[in-house]
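Letter 115 of the sequence shown, counting from 1, is numbered 148 in our numbering, and no numbers are missing. Quick reminder that beta carbons are idealized off the backbone N, C-alpha and C, glycines included. Just so it is clear, the structure is predicted and the values come from calculations on it, not from any experiment. The structure under discussion appears below in the form of C-alpha cells.
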Amino acid sequence: MNRSAPLLLGLAIVLYAVPTEAAEVAKPARAICDASAALTVIGVDTASGQTLLALSPAETAKGNPAGWVIELDANADRARAFADPATGRFGGSVGPGPVIAAQPCSGSCLQPVRWSEGMFRPLGEPLSAPAGATSAATYDAGGAPWFVLLANLPGDGKKTGVAGGDLQAWGWRFDGEWSERGHQVVSAVGDLPAAPAPGQTDGIVVGTGRFRAGAPPALWAAGLPALPAERRGQLLALSERDAAYLSSDGAVYGSTDAGASWKRSTWTPWGPSTAGPWHPGTDYWVDLPLGERRGALQLAWFDRRVPSQEKLILARRDPDGTWVAQVEAPSTIRTKDGDNLAVSHVLLPREGRWLLLSGCVATKEGSGLVLRTFDGRKLSEPRFVAIEVVAGATR
34 MNRSAPLLLG LAIVLYAVPT EAAEVAKPAR AICDASAALT VIGVDTASGQ
84 TLLALSPAET AKGNPAGWVI ELDANADRAR AFADPATGRF GGSVGPGPVI
134 AAQPCSGSCL QPVRWSEGMF RPLGEPLSAP AGATSAATYD AGGAPWFVLL
184 ANLPGDGKKT GVAGGDLQAW GWRFDGEWSE RGHQVVSAVG DLPAAPAPGQ
234 TDGIVVGTGR FRAGAPPALW AAGLPALPAE RRGQLLALSE RDAAYLSSDG
284 AVYGSTDAGA SWKRSTWTPW GPSTAGPWHP GTDYWVDLPL GERRGALQLA
334 WFDRRVPSQE KLILARRDPD GTWVAQVEAP STIRTKDGDN LAVSHVLLPR
384 EGRWLLLSGC VATKEGSGLV LRTFDGRKLS EPRFVAIEVV AGATR
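See the structure below:
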C-alpha cells in the first residue's frame with residue numbers, strides 16, 4: 034500500500050485454520066513465514082483475479098532463503114508458494130493478463146518476463162533502458178502486453194517525477210515481439226504507473242499520457258488540479274471523460290471533462306469534511322486499492338479521529354458523483370497466538386471485489402495468509418488460507 038501514515042488495523046476476532054485440499058504437487062505443510070515476514074504485491078491479473086505476492090521469509094523461518102512467489106487465486110481461498118531464486122525483479126503489472134515484470138540483465142538491459150505455470154518466463158527480447166529508469170507493465174483492453182520505461186527529465190533536477198512531477202515515458206507493445214510506440218513527457222504518475230486506457234482496446238494510460246498501437250503518443254488529460262508541489266499526487270482515468278486525482282495529503286478531486294476542470298470532493302464517510310475539524314493525513318487518510326481502477330472510483334478510508342477506535346471504511350464513488358460507504362470494519366485482527374495483525378494491503382483483484390490482506394502467520398499446520406474479502410455486499414470473517422509449497426517449480 035502507498036499511504037501517508039502507518040496503519041494500525043485488524044478485527045478483534047480469533048482466527049482459526051481453514052483446511053485446504055493439498056495439490057498433488059504440494060509438499061507437506063511447513064512453516065515458510067510468520068507475522069514478521071515481509072509480504073509485498075508483485076502484480077494483479079484483473080482478468081482472472083489472480084494476485085502474485087513476493088514473500089521474504091523471517092530469519093527464523095527455514096525455507097527457501099531467496100524467498101517465494103505466492104500465487105493467490107481469484108477467490109482468495111487457495112495460496113501456492115513457488116521457490117523464487119530471482120533477485121532484482123521489479124515492475125509487476127496490474128491489468129487484464131498474467132503478471133509481467135522486469136528482470137535485470139547485463140548493462141542497461143531489462144528482460145520482460147511473464148508469470149506462467151509457476152515461474153517467470155522471458156517475454157520477447159530484452160529491452161535497453163536509460164540509466165536510472167524505472168519500469169512498469171500492463172495490458173490494454175484488447176489483451177496485448179505493454180512495457181513502459183520512466184525517467185526523470187534531464188536538467189537542473191527541479192522538474193522530476195517526485196510528488197507527481199514530470200517524467201519522460203517510453204512505451205512498447207508486444208505482438209509477438211516488442212515494438213516501440215513512441216515517447217512523451219507525462220506527469221501525475223502514481224503507485225500504479227501504467228493501466229489500460231478506458232474506452233480504447235489498443236491503448237494504455239501513464240499519468241497524463243496515453244500510448245496507443247494505432248496512434249502517436251498524446252496527452253489524454255487536459256489539465257490537473259492547481260496544487261503546490263508538496264501536495265501533488267496521482268491521476269486516475271476512470272472512463273474516457275471521468276477522471277480522479279488523489280493528492281499526497283489525501284484530498285480527492287474529480288473531473289467529468291477529462292481534466293479540463295476539477296472539483297474537490299468534500300465527502301467523507303462521516304459527513305462533509307467542512308463540517309468538522311478533521312484533517313486528511315492526520316485524523317484520516319485515503320488509500321487507493323491496487324488492482325482494477327476503471328469504472329467507479331473505489332477508495333479505502335482509514336479513520337483515526339479516535340485513535341483507540343481506528344476504523345477502515347471501503348467507499349465507492351459512482352460515475353454520477355454519488356458516494357457510497359459500502360462497509361466499515363474495526364481495527365485489529367487478533368490471531369489465536371495473540372498477534373495483532375495490521376491490514377498491510379488493500380487490493381481490488383476485480384472491479385467491486387476487495388481483498389484485505391494482513392500478512393502471514395505460522396501455525397503447527399504450516400504457514401498461511403490472513404485475509405478478508407468484500408464482494409460489494411458482505412465482508413467476510415477473517416480467514417487463514419494455508420500456503421501450499423509446490424515442489425519442482427524452479428526457474
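- Residue pairing by DSSP places W203 opposite L182 and H216 in a beta bridge.
- Secondary structure in the segment 328-378: the beta strand (DSSP E) runs of 3 residues or longer, each lying completely within the stretch, are 330-336, 344-350 and 356-362 in chain order.
- Rounded to the nearest angstrom, the Cβ distance from T171 to A227 is 4 Å, consistent with a contact under 8 Å.
- Residue state for A248 is assigned as coil, using DSSP reduced to three classes.
- If you look at E158, you'll find it isn't in any beta strand (DSSP E); DSSP assigns it neither H nor E.
- Judged by DSSP secondary structure, S294 falls outside any beta strand (DSSP E); it is assigned neither H nor E.
- Put simply, the backbone Cα of G328 is about 37 Å away from that of D372.
- As the crow flies, the alpha-carbon of A177 is around 20 Å from that of Q217.
- Put simply, the backbone Cα of R386 is about 21 Å away from that of R113.
- If you draw a 10 Å sphere on the C-beta of E273, you find fewer than 16 other C-beta atoms in it, and that means exposed.
- Secondary structure at S306: helix, using DSSP grouped into helix, strand and coil.
- The Cβ-Cβ distance between V146 and G76 does not fall below 8 Å.
- Less than 8 Å divides the Cβ of P129 from the Cβ of A80.
- The shortest CA-to-CA distance from L85 to any of S149, D275 and A64 is the one to S149.
- A424 and E263 have their alpha carbons spaced roughly 49 Å apart.
- Distance from the CA atom of L380 to the CA atom of V360, rounded to whole angstroms, is 15 Å.
- Secondary structure of E325 (DSSP, three-state): coil.
- Taking the C-beta atoms as reference points, C138 is found no nearer than 8 Å to C393.
- As summarised for the segment 76-152, the continuous beta strand (DSSP E) elements at least 3 residues long and confined to that stretch are 83-89, 101-105, 112-116, 133-137 and 142-149, given in chain order.
- Considering only A184, P352, A291 and A174, the residue with the shortest C-alpha distance to G232 is A174.
- Excluding five sequence positions before and after G125, the CB atoms of its chain that fall closer than 6 Å to its own CB belong to I75, G76, V132 and A134, given in chain order.
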